[in-house]
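Number of protein chains: 2
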Amino acid sequence: MEKNVLGTNVIAQIGILVHDIEKTSQAYADFFGVENPGWSITAAVESAQTQYRGERTEARAKLAFFKMGSLQLELIEPDEHPSTWREYLDEHGEGPHHIAFRIEGMKDKVAALEGGGMPLLQKGEYTGGRYAYIDTMETLKVIVELLESDKK
Amino acid sequence: MEKNVLGTNVIAQIGILVHDIEKTSQAYADFFGVENPGWSITAAVESAQTQYRGERTEARAKLAFFKMGSLQLELIEPDEHPSTWREYLDEHGEGPHHIAFRIEGMKDKVAALEGGGMPLLQKGEYTGGRYAYIDTMETLKVIVELLESDKK
Chain A
1 MEKNVLGTNV IAQIGILVHD IEKTSQAYAD FFGVENPGWS ITAAVESAQT
51 QYRGERTEAR AKLAFFKMGS LQLELIEPDE HPSTWREYLD EHGEGPHHIA
101 FRIEGMKDKV AALEGGGMPL LQKGEYTGGR YAYIDTMETL KVIVELLESD
151 KK
Chain B
1 MEKNVLGTNV IAQIGILVHD IEKTSQAYAD FFGVENPGWS ITAAVESAQT
51 QYRGERTEAR AKLAFFKMGS LQLELIEPDE HPSTWREYLD EHGEGPHHIA
101 FRIEGMKDKV AALEGGGMPL LQKGEYTGGR YAYIDTMETL KVIVELLESD
151 KK
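Same order as they appear, the protein sequences are chains A and B. Under the UniProt record's numbering, the final residue of the first sequence carries the number 152; numbering is consecutive throughout. Under the UniProt record's numbering, the final residue of the second sequence carries the number 152; numbering is consecutive throughout.
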């Protein structure tokens, strides 16, 4: 595989899986002395077009975002439908799930990674952009997420 | 507990546990198109004064550091002696172990955290500073590491 497929090595986000986003968000807010940002829920499959391991999935998650220096810490409380969030939480328990990078050219990058033996785990759309989780567990020991913003 | 005991919310480092630091370092170097930084080993207990759960431990680890944007990604391959590294690797498998923050006033901060129900897991000295891992799993779902540099 071509080196530096992502075109960046700047970690933009750390994602942490939790069972109770309200409780853990408040714990972060208290610990770091910042405001509780509240949570939002990912869009339904009709608009998010969520796919997990190649199959359409109804999975959604509650998300809360904290600004921690130059990066974002994301808390994720998944629902019961199949997703990398649900699977990883069931297998590993609460804790870090991914590191994320802001990229351009999602389709080409995902194809290059898949060609290099790093399969797409899950993808979806959100207002203003899209994400893809790549199965980099074997090589990097953590899941990598690609984040692409629409051109303004 | 007082809010914002750390005095910062800037994540300085992410630590990832691995079984084979040479293999995983090379995988990171290849993936991100950067130089393999090589690894170093933590000092022996005589100089590191390593303590794990209140007991002196001979534990050492091989460490490799990658600069990823404004933060450091640390790969950690622990030896077989008791440590938070060994315990977490045995329980959770390879993957993220901690997020680290640069702080001042290590003793006071550790005491304040312990008073707030977040026990010291492990501590040690290194050339130019010291570290402490805090058991924040219950509340924050990830271990927090404090890093203090000696005044220059």
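Glycine residues also receive a C-beta, built at the ideal position from the N, C-alpha and C atoms.
Just grab the DSSP bridge partners of residue i for me.
i: R56(A); result: Q51(A)
i: P82(B); result: Answer by DSSP bridge pairing: none, since P82(B) is not bridged.
i: residue 191(A); result: As displayed, chain A neither begins before 1 nor continues past 152, which places residue 191(A) out of reach and without an answer.
i: S40(A); result: L63(A)
i: M106(B); result: DSSP output for M106(B) lists no bridge partner at all.
i: H98(B); result: G15(B), I143(B)
i: E125(B); result: R130(B)
i: L71(B); result: M68(B)
Name the chain A residues whose beta carbon is nearer than 8 angstroms to that of residue i?
i: L120(B); result: Per Cβ cutoff of 8 angstroms: no residues; L120(B) is ~16 angstroms from chain A at best.
i: Y28(B); result: L140
Would you check if the distance between the CB atom of residue i and the CB atom of residue j is smaller than 8 angstroms?
i: L17(B); j: W85(B); result: yes
i: E138(A); j: H19(A); result: no
i: residue 155(A); j: E74(A); result: What is shown of chain A runs 1 to 152, which leaves residue 155(A) out entirely.
i: Y126(A); j: T42(A); result: yes
i: A48(A); j: G124(A); result: yes
i: I103(A); j: L147(A); result: yes
i: I99(A); j: I21(A); result: no
i: E35(B); j: A112(B); result: no
i: Y52(B); j: S83(B); result: yes
i: E65(A); j: P37(A); result: For the sequence presented, residue 65(A) should be read as Phe rather than Glu. Result yes, Cβ atoms of F65(A) and P37(A) sit closer than 8 angstroms.
i: D150(A); j: G128(A); result: yes
i: M68(A); j: N9(B); result: yes
i: I11(B); j: L71(A); result: yes
i: D79(B); j: R60(B); result: yes
i: E144(B); j: F101(B); result: Reading off the sequence shown, one finds Val at residue 144(B), where the question assumed Glu. Taking 8 angstroms as the Cβ cut-off, V144(B) and F101(B) qualify as a contacting pair.
Using a cut-off of 7 angstroms between C-beta atoms, extract the partners of residue i located in chain A.
i: N4(B); result: F32, G33
i: V110(B); result: Chain A residues near V110(B): none, gap ~15 angstroms exceeds 7 angstroms.
i: M106(B); result: Under the 7 angstroms cutoff, chain A gives no residues; its nearest Cβ is about 17 angstroms from M106(B).
i: S70(B); result: G69, S70
i: V18(B); result: K141
Does residue i come out as helix, strand or coil in the three-state DSSP assignment?
i: M1(B); result: coil
i: residue 163(A); result: This structure cannot settle anything about residue 163(A), because the visible part of chain A is limited to 1 through 152.
i: L140(B); result: helix
i: A29(A); result: helix
i: L120(A); result: strand
i: I14(B); result: strand
i: E114(B); result: helix
i: E148(A); result: strand
i: V34(B); result: coil
i: T24(A); result: helix
Give the interface partners of residue i over in chain B, defined as CB-CB distance under 8 angstroms, in chain order.
i: L147(A); result: Per Cβ cutoff of 8 angstroms: no residues; L147(A) is ~14 angstroms from chain B at best.
i: N36(A); result: None at all; the shortest Cβ gap to chain B is about 12 angstroms.
i: P78(A); result: By Cβ distance, chain B contributes nothing, its closest Cβ being about 14 angstroms from P78(A), past 8 angstroms.
i: residue 155(A); result: No statement about residue 155(A) is possible, as the shown extent of chain A runs from 1 to 152 and does not include it.
Which residues in chain A sit within 9 angstroms of residue i, going by Cβ to Cβ distance?
i: T42(B); result: Correct list: empty, because the minimum Cβ distance to chain A is about 19 angstroms.
i: I103(B); result: Within chain A, no residue comes near I103(B); the closest Cβ sits about 12 angstroms away, beyond 9 angstroms.
Quick check: is any heavy atom of the ligand NAP less than 7 angstroms from the C-beta of residue i?
i: R86(A); result: Looking for the ligand NAP in the displayed structure turns up nothing, as the structure carries no ligands at all.
Kindly list, in the order they appear in chain B, the residues whose Cβ is closer than 9 angstroms to that of residue i.
i: I14(A); result: I11, I14, P96, I99, V142
Chain-ordered residues of the stretch 83 to 94 of chain A with a beta carbon less than 8 angstroms from chain C:
Among the chains of the structure shown, chain C does not appear; the protein chains present are A and B.
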